[in-house]
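A short write-up of the structure that comes next.
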Amino acid sequence: IHTSQGLRDRRMRLSLGVARHFFRLQDMLGFDKASHTIDWLLKQSKPAIDLLARSSASFVKQALSGGRFVVAESSASECEVVSSDSHHTKMKPSKAKGAPRLAPR
Numbered sequence: 001i002h003t004s005q006g007l008r009d010r011r012m013r014l015s016l017g018v019a020r021h022f023f024r025l026q027d028m029l030g031f032d033k034a035s036h037t038i039d040w041l042l043k044q045s046k047p048a049i050d051l052l053a054r055s056s057a058s059f060v061k062q063a064l065s066g067g068r069f070v071v072a073e074s075s076a077s078e079c080e081v082v083s084s085d086s087h088h089t090k091m092k093p094s095k096a097k098g099a100p101r102l103a104p105r
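Going by the UniProt record's numbering, the first residue of the sequence shown is number 1, and it counts up by one from there.
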């Protein structure tokens, strides 16, 4: 795959914890291929990805370095991200059915 960063391998290595979550999700979704699960995750993350694409590089750097970054969406297929410390976040269920939410610990 050719990207802006050059030639990239299609394979991904997952940490043990991420792999456990990933394959649990794949089982819940009933998919037999990892690419279907990744496609589903990308579609569910589209609003946040679009927001990042529109944001300036300085805003993204500030958000990733511990600045306050809040995205709230109302649709069940979208997610809410609330983080004041990027090193201490965990997934919490959202009030919207099936939508994940990141929040400080």
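Where is the CB? At the ideal position from N, CA and C, for every residue including glycine. It should be emphasised that the depicted structure is a prediction, and the values quoted were computed from it without experimental measurement.
Presumed contact (8 angstroms Cβ cut-off) between residue i and residue j, rounded CB distance
i	j	result
W40	L51	Not really, about 19 angstroms apart at Cβ, beyond 8 angstroms.
Beta carbon of residue i nearer than 8 angstroms to that of residue j
i	j	result
A34	Q44	no
R11	I1	no
Residues near residue i by beta carbon distance below 8 angstroms, same chain, minus five either side
i	result
F22	L14, A34 and T37
residue 118	No statement about residue 118 is possible, as the shown extent of the chain runs from 1 to 105 and does not include it.
Strand pairing of residue i, partner residues [DSSP]
i	result
H2	L7
Neighbour-count burial assignment, residue i, 16 or more Cβ in a 10 Å radius
i	result
K97	At K97 the pLDDT is 45, less than 50, meaning the model places this residue with poor confidence and gives no usable figure here.
Own chain, CB closer than 6 angstroms to residue i, minus 5 neighbours either side, in chain order
i	result
F31	T37
Closer than 7 angstroms: residue i CB and nearest the ligand MG heavy atom
i	result
A48	As far as ligands go, the structure on display features none, and thus does not contain the ligand MG.
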